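Novice: Just passing along the structure, written as structure tokens.
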Amino acid sequence: MANSVPPAVVRIDGKEWVLPLEVSFRTVLDVLAQVMPALNPLPTAFEYEDEDGDRITVCSDEELTAMISFCHWRNRHSGRSHPLSIYPKAKKKKNKLNLEVNTRAPLTSAGKSNPSSSESMHSRSGSFRRANEKTALVKLISEGQITRQDLQYLEILGHGNGGTVYRTFHQPSKVIMAVKVIALDATQEEQRQIMAELDILHKCDSSYIIGFYGAFFAENRISICAEYMDGGSLDGYGAIPEPVLGRIIVGVVKGLNYLWSLKIMHRDIKPSNVLVNTQGCVKLCDFGVSVQLLTSLTKTFIGTNAYMAPERILGGEYGIHSEIWSLGLSTLEMALGRFPYLPEGSKPSSLVPFELLQCIVNEKPPTLSLEHFSPSLIEFTQQCMQKLPKARPGITALLVRLGLNKLTSTIE
Ligand code: ATP
Ligand code: MG
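Under this note's numbering, the first residue of the sequence shown carries the number 14, and numbering increases by one thereafter.
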């Protein structure tokens, strides 16, 4: 029966409102302000609860569309109109990079507790509150299959080793996605295995990991559809001020801690694989979840990269310690605004020269100068970039250093 789905209804302060068909985010804010005239400051966003009781923030037309889809989905399941309570929210001001920052407490020194920074890191307020929320959008889209016909490619966001990333419009959900298209030399069986291995991404549920909508093969190309991050990757920001960088490192470490707890190694930590958005979220992408995908990629690309730890360049054992080296090197690069082993203006390419690899293996690692950076940031990068893998901090030490010791770490 067509049109039998009950309409989306929201409840604001006990009053119910049937959402008009083409309602915009702006209109909902206006209605919120009218229904609750005492609100001060005026709301800039609002929240609702998903089926798990998690609070989801809506601050754009896109997110409103996702909320309405969620209402329809709930109504379909219950067969009746089920009002969804929404709660106003006022956002704090953002800084230049659109990231919320605790400017007083970037990184804590080892062993010293820093209440103001750890409090802000654990804070459930402001836009970082989203860090603990599942996006309803990801869940809704991933219930269906994405096909090539549903996608409208809008522009190229960038090229990497073997792949091109497009900003893409997904017609059925009206969601903007980032779609990475990679040409792959993979048999049907290998393709099937890649799809099966990528499936774990649907289960990844961390606000520090890029949302995954789905993947599909068309001819010899795989398209991986992920959450679009409108701030792009952190290789594009030059030297990032230390207080902002402190916040970014916290996000990266939370993301890594989450992956490691699932026994997933990232394998490609570098600034271009750390993405930000204008909500102030920091998320990791391009981690090595599919062994078969990595194997197929190495058929066309010889996998050395300039962020590899010395032991990995030498073909030694790969583990969390090697990831911590890459974290340290990425931090150094983001602080300086350039890749520290190369002169100003040069970026590491996919073909890493032998001399550069030799330098990483044999020379003393680069450091930051006390003239421009705090002792705690300098110490953090030095510790992460110790030549001896075992001398680098483990997860627990890393979490303690960043004042995140309340997060559970499951592997050492
Ligand atoms: P590599 O292939 O070694 O990972 P890379 O990370 O530079 O190198 P891609 O992963 O192909 O290359 O990404 C290319 C660029 O596309 C990135 O640098 C980033 O700016 C942009 N990009 C990737 N994913 C997203 C996304 N989800 N949202 C917004 N921009 C993205
Ligand atoms: Mg990448």
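Virtual Cβ for every residue (Gly too), placed ideally from N, Cα, C. Owing to the predicted nature of the structure, the values given are computational and were not obtained by experimental measurement.
Excluding the five sequence neighbours on either side, which residues of its own chain have a C-beta within less than 6 Å of the C-beta of K283, listed in chain order?
Specialist: Position 270 of the sequence shown, counted from the start, is the residue given in the question as residue 283. Y320 and S343.
Novice: Measuring from the CB of C298, is there a heavy atom of the ligand MG at a distance below 8 Å?
Specialist: The residue labelled residue 298 in the question sits at position 285 within the sequence shown. It does: the Cβ of C298 is within 8 Å (strictly closer) of some heavy atom of the ligand MG.
Novice: Alpha carbon to alpha carbon, how far is K400 from I326? Give it in angstroms, no decimals.
Specialist: By one-based count along the sequence shown, residue 326 stands at place 313. By one-based count along the sequence shown, residue 400 stands at place 387. Rounded to the nearest angstrom, the two C-alpha atoms are 12 Å apart.
Novice: What would DSSP say about M347, mapped onto helix, strand or coil?
Specialist: Looking up residue 347 in the sequence shown gives position 334. Helix, per DSSP.
Novice: Roughly how many angstroms lie between the CA atoms of F352 and S362, to the nearest whole one?
Specialist: The residue given as residue 352 occupies position 339 in the sequence shown. The residue given as residue 362 occupies position 349 in the sequence shown. Cα to Cα, the separation comes out at about 11 Å.
Novice: May I ask you to report which of helix, strand or coil DSSP gives D69?
Specialist: In the sequence shown, the residue the question calls residue 69 occupies position 56. Note on identity: in this sequence residue 69 is Ile, with Asp being the wrong assignment. It is a strand residue.
Novice: Could you tell me which whole beta strand (DSSP E) segments of length 3 or greater appear in the region 272-321?
Specialist: 287-289 and 295-297
Novice: How far does the beta strand (DSSP E) with C238 in it reach, from first residue to last?
Specialist: Here residue 238 refers to the residue found at position 225 of the sequence shown. Per DSSP, C238 belongs to the beta strand (DSSP E) from R234 to E240.
Novice: Rounded to whole angstroms, what is the Cα-Cα separation between L97 and S303?
Specialist: One-based indexing of the sequence shown puts residue 97 at position 84. One-based indexing of the sequence shown puts residue 303 at position 290. The alpha-carbon atoms of L97 and S303 are separated by roughly 38 Å.
Novice: Have a look at the DSSP bridge pairing and note the partners of H183.
Specialist: Your numbering for residue 183 matches position 170 in the sequence shown. In DSSP, H183 forms a bridge with L164 and V188.
Novice: By how many angstroms is the C-alpha of E203 removed from the C-alpha of L197?
Specialist: One-based indexing of the sequence shown puts residue 197 at position 184. One-based indexing of the sequence shown puts residue 203 at position 190. Approximately 10 Å, taken between the alpha carbons.
Novice: Taking 9 Å as the threshold (C-beta atoms), are M242 and V289 in contact?
Specialist: Walking along the sequence shown from the start, residue 289 turns up at place 276. Walking along the sequence shown from the start, residue 242 turns up at place 229. Against a cut-off of 9 Å, the Cβ pair of M242 and V289 comes out as a contact.
Novice: Mark S37 as exposed unless 16 or more other C-beta atoms lie within 10 angstroms of its C-beta, in which case mark it buried.
Specialist: Here residue 37 corresponds to residue number 24 of the sequence shown, with the count starting at 1. With fewer than 16 other Cβ atoms within 10 Å, it is exposed.
Novice: Just reading off the beta strand (DSSP E) that S98 is part of, what are its end residues?
Specialist: On the sequence shown, residue 98 is found 85 positions in, with the first residue counted as 1. Per DSSP, S98 belongs to the beta strand (DSSP E) from L97 to K102.
Novice: Helix, strand or coil for A58, going by three-state DSSP, please let me know.
Specialist: Working through the sequence shown from its first residue, we reach residue 58 at position 45. It is a strand residue.
Novice: Using 8 Å as the cut-off, classify the Cβ of S285 as near or not near the heavy atoms of the ligand MG, replying yes or no.
Specialist: Residue 285 sits at position 272 when you count from the first residue of the sequence shown. Checking every heavy atom of the ligand MG against the Cβ of S285, one is found closer than 8 Å.
Novice: Straight-line CA distance for Q292 to D65?
Specialist: If you number the sequence shown from 1, residue 292 lands on position 279. If you number the sequence shown from 1, residue 65 lands on position 52. Using only the alpha carbons, I get a separation of about 23 Å.
Novice: Using beta-carbon positions only, say whether L297 and Y221 come within less than 9 Å of one another.
Specialist: The residue given as residue 297 occupies position 284 in the sequence shown. The residue given as residue 221 occupies position 208 in the sequence shown. Closer than 9 Å, so yes.
Novice: Apply the 10 Å Cβ neighbour rule to R280 and answer buried if 16 or more other Cβ atoms are within range, or exposed otherwise.
Specialist: On the sequence shown, residue 280 is found 267 positions in, with the first residue counted as 1. R280 comes out buried.
Novice: Would you mind sorting F300 into buried or exposed? The rule is 16 or more other CB atoms within 10 Å of its CB.
Specialist: Translated into the one-based positions of the sequence shown, residue 300 becomes position 287. Buried: at least 16 other Cβ atoms inside 10 Å.
Novice: Three-state secondary structure (DSSP) at G171?
Specialist: For the purposes of this step, residue 171 is taken as residue 158 along the sequence shown, with counting starting at 1. Here G171 sits in strand by DSSP.
Novice: How do the region 182-192 and the region 162-172 stand: do at least 3 beta-carbon pairs fall below 8 Å, yes or no?
Specialist: The region 182-192 vs the region 162-172: in contact.
Novice: According to the Cβ coordinates, are R180 and M190 closer than 9 Å?
Specialist: The count along the sequence shown starts at 1 and reaches residue 180 at position 167. The count along the sequence shown starts at 1 and reaches residue 190 at position 177. Cβ distance < 9 Å, so R180 and M190 count as in contact.
Novice: Kindly indicate which three-state DSSP category I333 falls into: helix, strand or coil?
Specialist: Residue 333 sits at position 320 when you count from the first residue of the sequence shown. Looking at I333 - three-state DSSP - the assignment turns out to be helix.
Novice: Nearest by alpha-carbon distance to H90: which of F59, Y61 and P20 is it?
Specialist: Position 77 of the sequence shown, counting from 1, holds the residue named residue 90. Closest by alpha carbon: P20.
Novice: Name the two residues that bound the continuous beta strand (DSSP E) containing A231.
Specialist: Taking the first residue of the sequence shown as 1, we reach residue 231 at position 218. Note, A231: beta strand (DSSP E), F225 to A231.
Novice: Can you name, in chain order, every residue of its own chain whose Cβ lies under 6 Å from the Cβ of P406, other than the five neighbours on each side?
Specialist: Taking the first residue of the sequence shown as position 1, residue 406 is located at position 393. Q396, listed in sequence order.
Novice: Under three-state DSSP, which class holds A79?
Specialist: Residue 79 sits at position 66 when you count from the first residue of the sequence shown. Three-state result, A79: helix.
Novice: Is D243 a contact residue of the ligand ATP, with contact defined as CB to any heavy atom under 8 Å?
Specialist: Here residue 243 refers to the residue found at position 230 of the sequence shown. At least one heavy atom of the ligand ATP is nearer than 8 Å to the Cβ of D243, so yes.
Novice: Can you check which of these residues, E35, W86, Y100 and T311, is closest to D26 by C-alpha distance?
Specialist: Taking the first residue of the sequence shown as 1, we reach residue 26 at position 13. When only C-alpha atoms are compared, the closest one is Y100.
Novice: Are the region 403-417 and the region 264-271 touching by the rule of at least three beta carbon pairs closer than 8 Å?
Specialist: yes
Novice: Given a cut-off of 9 Å on the beta-carbon distance, is the pair I373 and S382 in contact?
Specialist: The residue labelled residue 373 in the question sits at position 360 within the sequence shown. The residue labelled residue 382 in the question sits at position 369 within the sequence shown. Between I373 and S382, the CB-CB gap reaches or exceeds 9 Å.
Novice: Distance, Cα to Cα, F367 vs N318?
Specialist: Mapped onto the sequence shown, residue 367 falls at position 354. Mapped onto the sequence shown, residue 318 falls at position 305. Distance between the alpha carbons of F367 and N318 is about 11 Å.
Novice: Can you look up F141 in the DSSP assignment and give me helix, strand or coil?
Specialist: Translated into positions along the sequence shown, residue 141 becomes position 128. Summary for F141: the model assigns pLDDT 30, below 50, so the residue's position carries little reliability; its value from the coordinates is reported in the next sentence. F141 falls in the helix class under three-state DSSP.
Novice: Of all the options P379, A51 and Q371, which has the alpha carbon lying nearest to the alpha carbon of E346?
Specialist: In the sequence shown, counting from the first residue as 1, residue 346 sits at position 333. That would be P379, whose Cα lies nearest to the Cα of E346.
Novice: By a C-beta neighbour count over all protein chains shown, 10 Å radius and 16 as the cutoff for buried, is R117 buried or exposed?
Specialist: Here the question's residue 117 lines up with position 104 in the sequence shown. Legend: pLDDT at R117 = 34, less than 50; position of this residue unreliable, no value from coordinates given.
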